[in-house]
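J.: Take this structure first; my questions come after.
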Amino acid sequence: MTLLRFSLPFQCLFFVSLSITVIESKCKKGCDLALASYYAWENTNVTFISEVLHSQLVPKGVADAILDFNKQVEGEDRLKAFTRVNVPFPCDCINGEFLGHVFEYEVKSGDTYEKIASLYYSNLTTVEWLQRSNTYEADEMAENDKMNVTVNCSCGDTSVSKNYGLFITYPLLPGETLEAVLTQTNLSQDVGVLVQSYNEGVNLSGGDGLIFVPGKDASGNYRPLRSSTVGLSGMVVAGISSAVVAGFLLLATGVLYFGFYQKKKLKWAMFPSTSPKILPAQAGDAPSSKANGHKDNIIDTSVEFSHEELAQATNSFSLTHKVGEGGFGAVYYAELRGEKVAIKKMGMQASKEFLAELKVLTRVHHLNLVRLIGYCVEGSLFLVYEYIENGNLSQHLHGSGKDPLPWSTRVQIALDSARGLEYVHEHTVPVYIHRDIKSANILIDKKFHGKVADFGLAKMFPKAGRAALLPTRLVGTFGYMAPEYARFGEVSPEVDVYAFGVVLYELISAKAAIVKTNDSAVGSKGLVALFENVLNQPDPMQDLCKLIDPRLGDNYPVDSVLKMAQLAKACTEENPKLRPSMRSIVIALTILSSSTQ
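In mature numbering (1 follows the signal peptide of the UniProt record, and there is no 0), the protein residues as written are -25 to -1, 1 to 572.
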């Protein structure tokens, strides 16, 4: 929060920060899966629907991803007019404000807001939403322009029922009643009472607009509400008027102008190569387009801590607070301002890595990326992160004293990490390459979800989809380096994809990236080569089972392990052009995760 960097009197700081926190707390996170009820007009087919509602769950033009949720549909080109099709899509918490997903639509000749909303998107969005999400005037749309299309969704509500965690965004037809909706969705009258509770204030006796109703997954089952999901119940009503908050903000700004200005001058003098303006890519933002570009005048929102405060919280950086040692410094546990944090302490010689991580994590916010809280530049360089309770993935796979991770948890951690990487590869401006993906840089929270950490070696990428010879020294960790990077210094998003493939092999085997062998002539062997020797066999299952973490016993689905191994093999292809994108990896792991739950 921006105001926390100022040296406010305690009472004023507490009141203002509390007020802002309450107002901004509208949704905390989304959910992996929601459904959109698409009402098919004449001459509509499933392939067309996949093109307008494409996402990480439904690749563009791939009808099968939709057909899995619609067993009644005979084929992609045999869709009856005036019937409904459920389309899966991810439900995101957009900018902390509401639950929804932003689809990208390519404008066609003759398109209007009304035509796009009512015909192409079958009233899943509205003209008002389109105008709010885009900058085009109604008569200025050009063919092939990219347009953001926002569709609302729900993840459930614990105050209504814990039995339903998957919901359909259902556009009511004019005059459509609750009884008609229940018939259309095969819901019982008992559930109809819940539908009314989920949609308070909506006219269900023959109105129009969007409602949310429980839906079935691809297996035909209702999903229970997960305890970690925050849906409609995540909405919080502010109890303090905006006028009061505005008054305190104005007062704080006036009182602190001179002290803040002098402090900023000192900081910029210390790091003259950095700009005081940093562009955050908020979680839930759509990919950049003409319709919705980034703003150039948003300052960073990281808190600046004093050395005194950090020293006090760590008992002068005592060994009792030390929880780890990385390539660029030690990490300490502390509690700051009521929050558990991890403090990375680096020497001044690590200023390049410090600035790289500060720059990336101030710009980029995502559920599956470790959250940067603040920094300090007094005496040493300090970065303050959210504290992740369960350490890193490497400790769980290779360390002692840890219970073995169940297979389903390993798949979930892989999916979480892939989502974090997919976000920085494809949904930020500019695109970033991590360059040091490894199991030690994937943190595990108290609910055993993964977060990608340590962006000290991250590089901005000039143009997504093309490799580049960036002026840089060779960095990273042996065993995870892609061949083209290790040999020629060629950097692209595929470098991270390769390293992620190695992590997938680690999740399967619990072996390190470089394995010691019994062959005295070789000495050690990379995990990639070890698995490739097995996966290249006509029938790899027997030898593959020998590579699986023995601590799993027989508690794993063999076909699931094989699919992950095959995905890892694709990620570690010698030719970077043959590797899948992180978006494709997320889709594959999403499907794998749904089959292992």
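Each residue gets a CB set at the ideal place from its N, CA and C atoms; glycine is no exception.
1) Taking Cβ to Cβ, would you say M557 is nearer than 8 Å to A393?
2) Pull up the distance between the alpha-carbon of R410 and that of G50, whole angstroms please.
3) If you scan the region 312 to 364 from start to end, which runs of the alpha helix (DSSP H) of 4 or more residues do you find wholly inside it?
4) Buried or exposed: where does T295 fall if 16 or more other Cβ atoms within 10 Å of its Cβ makes it buried?
5) Which residues in the same chain as D518 place their Cβ atom closer than 7 Å to its Cβ, once the five residues preceding and following it in sequence are excluded?
6) Between the alpha carbons of I143 and S136, how many angstroms are there, rounded?
7) Using a Cβ-Cβ cutoff of less than 7 Å, which residues in the same chain neighbour residue 577 once the five nearest sequence positions on both sides are dropped?
8) Which of helix, strand or coil does DSSP assign to M435?
9) Where K46 and S12 are concerned, what is the direct C-alpha to C-alpha distance, given to the nearest angstrom?
10) Tell me the start and end of each unbroken alpha helix (DSSP H) in the region 19 to 76 that is at least 4 residues and wholly inside, in chain order.
11) Quick check: the Cα distance between A543 and P34, rounded to an integer number of angstroms?
12) Would you be able to state if there are at least three C-beta pairs under 8 Å between the region 324 to 334 and the region 383 to 401?
13) Quick one: what does DSSP say V477 is sitting in, helix, strand or coil?
14) Taking DSSP's pairing of strands, which residues face Y407 in a bridge?
15) The alpha helix (DSSP H) that contains N123, what's its start and end?
16) Would you mind giving the Cβ-Cβ distance between V386 and I363, rounded to the nearest angstrom? I have them listed as a contact below 8 Å.
17) Out of K4, M516, I186 and A56, which one is the CA nearest neighbour of Q171?
18) Evaluate the contact criterion for the region 521 to 540 versus the region 349 to 363: three or more CB pairs, one atom per stretch, below 8 Å.
19) Mind the definition here: the region 472 to 479 touches the region 547 to 562 only if three or more C-beta pairs lie below 8 Å; say whether that holds.
20) Can you tell me whether Q31 is buried or exposed, with buried defined as 16 or more other CB within 10 angstroms of its CB?
21) Leaving out five residues before and five after N365 in sequence, what residues of the same chain have Cβ atoms less than 8 Å from its Cβ?
22) Round the Cβ separation of C68 and A9 to the nearest angstrom and send it over; I've been treating them as touching at under 8 Å.
23) Terminal residues of the continuous alpha helix (DSSP H) containing L99?
24) Following the continuous beta strand (DSSP E) through I562, name the residue where it begins and the one where it ends.
25) State the start and end residues of the unbroken beta strand (DSSP E) segment that holds V490.
26) Which word fits T(-5), buried or exposed, when buried means at least 16 other C-beta atoms lie within 10 angstroms of its C-beta?
27) Quick one: give me the first and last residue of the beta strand (DSSP E) that Y145 is part of.
28) In its own chain, which residues sit with a C-beta less than 7 Å from the C-beta of R(-21), not counting the 5 before and 5 after it?
29) Leaving out five residues before and five after D391 in sequence, what residues of the same chain have Cβ atoms less than 6 Å from its Cβ?
30) Whose CA, out of M116, G176, Y480 and N18, lies closest to the CA of H373?
31) In whole angstroms, give me the CA-to-CA distance for A428 and N416.
32) Under the DSSP definition of a beta bridge, which residues are partnered with N367?
33) In the DSSP assignment, find the beta strand (DSSP E) that holds C2 and state where it starts and stops.
34) Would you mind reading off the limits of the alpha helix (DSSP H) that contains G501?
35) List the whole-angstrom C-beta distance separating V102 from A92, where the pair is believed to meet the contact cut-off of C-beta under 8 Å.
36) Beta-carbon within less than 6 Å of E361's beta-carbon, same chain only, minus the 5 sequence neighbours each way: which residues are those?
T.: Short version:
1) yes
2) 43 Å
3) 326 to 338
4) exposed
5) V509 and Q512
6) 15 Å
7) What is shown of the chain runs -25 to 572, which leaves residue 577 out entirely.
8) strand
9) 14 Å
10) 21 to 27 and 39 to 42
11) 20 Å
12) no
13) helix
14) M435
15) N123 -> not in any alpha helix (DSSP H); beta strand (DSSP E) instead, spanning K121 to N127.
16) Going by Cβ atoms, the distance from V386 to I363 rounds to 19 Å, so no, they are not a contact pair.
17) I186
18) no
19) yes
20) buried
21) H371, L418, I419, D420, K421 and F423
22) At roughly 12 Å, the Cβ-Cβ gap does not stay under 8 Å, so C68 and A9 are not in contact.
23) Here L99 belongs to no alpha helix (DSSP H), and DSSP marks it neither H nor E.
24) Segment M557 to T571 is the alpha helix (DSSP H) holding I562; no beta strand (DSSP E) there.
25) I489 to K491
26) With a pLDDT of only 30 at T(-5), under the threshold of 50, the placement of this residue in the model should not be trusted; the figure read from the coordinates follows. So T(-5) ends up on the exposed side.
27) F142 to E151
28) Because the pLDDT at R(-21) is just 36, under 50, the model does not fix this residue reliably, and the point stays unresolved.
29) N343, H424 and G425
30) Y480
31) 5 Å
32) L418
33) No beta strand (DSSP E) contains C2, which DSSP labels as neither H nor E.
34) Not the alpha helix (DSSP H): G501 falls in the beta strand (DSSP E), residues S499 to G501.
35) 5 Å
36) R346
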